[in-house]
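Structure record follows, encoded as structure tokens.
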Amino acid sequence: MMESGSTTLVAVVSDTPRVPPSELLEALAGVAHIVHAGGIADLRGLDTLARIAPVSAVTSHDDFVAWGDLIPESVELIVEGVRIFATNMIGSPPDFLPPVRARLANDPPDVVLFGHPPGAQVLWLGGTLLMNPGSARAAGSHRRPTYGLLEISSMGRVTGTVLELDPVP
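Take any residue in the sequence shown, note its place counting from 1, add 2, and you have its number in our numbering.
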């Protein structure tokens, strides 16, 4: 995987428009991997993201209706020894949906990425980093589009940040 210094960068997006905005594509340049946490308006958007870096995507309830079994409900990956679990819906932390609660109790990953409920957030719960990148689509003038960035050191330390994009006119 590509690294920035001794840090591997993993982008996290959700709720992407049919055509990902150029500002998002520019911001993702140089990441080692992109995780899409659901809300996929068009599969061609995933193809566009895949030109930047490998993409792992999960389905939301709307995506399942549109894309069926083409996109899994969850994915797991390991980056620099950090175990990452992505799914669209987890409940409202710390009140998790039963499958997520069981996963966290029995085999907790280092990072949980999710796209629903909507709203960007980064929080630690015990030894697990939870991140919702928010929406890559702006919803009116009161909310700017956002994406997430995981920075994973070669020593396996991870930090998560949600970054804003300029709204698309």
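Glycine is no exception: its CB is placed at the ideal position from the N, C-alpha and C atoms.
None of the values given here were measured: they were computed from a predicted structure.
Asked                                                                                                                                              : Found
Mind checking which residues open and close the alpha helix (DSSP H) that includes Gly-121?                                                        : Note, Gly-121: premise wrong, no alpha helix (DSSP H); not H, not E.
Closest to Gly-36 by C-alpha separation, out of Leu-79, Gly-70, Pro-23, would be which residue?                                                    : The sequence shown places Ile at residue 36, not Gly. Nearest of Leu-79, Gly-70, Pro-23 to Ile-36, Cα basis: Leu-79.
Answer with buried or exposed for Leu-152, where buried requires no fewer than 16 other C-beta atoms within 10 angstroms of its C-beta.            : buried
Once the 5 residues before and after Glu-5 are set aside, which same chain residues still bring their CB inside 6 Å of it?                         : Reliability fails at Glu-5, whose pLDDT of 49 lies under 50, so the model's placement of it is uncertain and the value that follows must be treated cautiously. Around Glu-5: no qualifying Cβ.
With a threshold of 16 other CB atoms inside 10 Å of the CB of Ser-94, please say whether the residue is buried or exposed.                        : exposed
For Pro-100, count the other beta carbons within 10 Å of its own beta carbon; 16 or more makes it buried, fewer makes it exposed. Which is it?     : exposed
Alpha carbon to alpha carbon, what distance is there between Pro-147 and Pro-22?                                                                   : 11 Å
Among the residues of its own chain, which have a CB less than 8 Å from the CB of Ala-31, if the five just before and after it don't count?        : Ile-54
With DSSP as the reference, label Asn-1 as helix, strand or coil.                                                                                  : Residue 1 lies beyond the range of the chain shown here (3 to 171); nothing can be said about it.
Do His-38 and Leu-51 count as a contact pair if the criterion is CB distance below 8 Å?                                                            : yes
Measure the alpha-carbon distance for Thr-10 versus Ala-34 and round it to whole angstroms.                                                        : 6 Å
For Thr-161, is the classification buried or exposed, using 16 other Cβ atoms within 10 angstroms of its Cβ as the cut-off for buried?             : exposed
Taking all protein chains shown into account, decide if Gly-83 is buried (16 or more other Cβ within 10 angstroms of its Cβ) or exposed.           : exposed
Mind checking who His-38 pairs with in its DSSP beta bridge?                                                                                       : Val-15, Ala-59
Can you tell me whether DSSP reads Ala-43 as helix, strand or coil?                                                                                : coil
Please return the same chain residues whose Cβ sits closer than 7 Å to the Cβ of Ile-92, not counting the five positions on each side in sequence. : Phe-98, Leu-99, Val-102, Val-114, Phe-116
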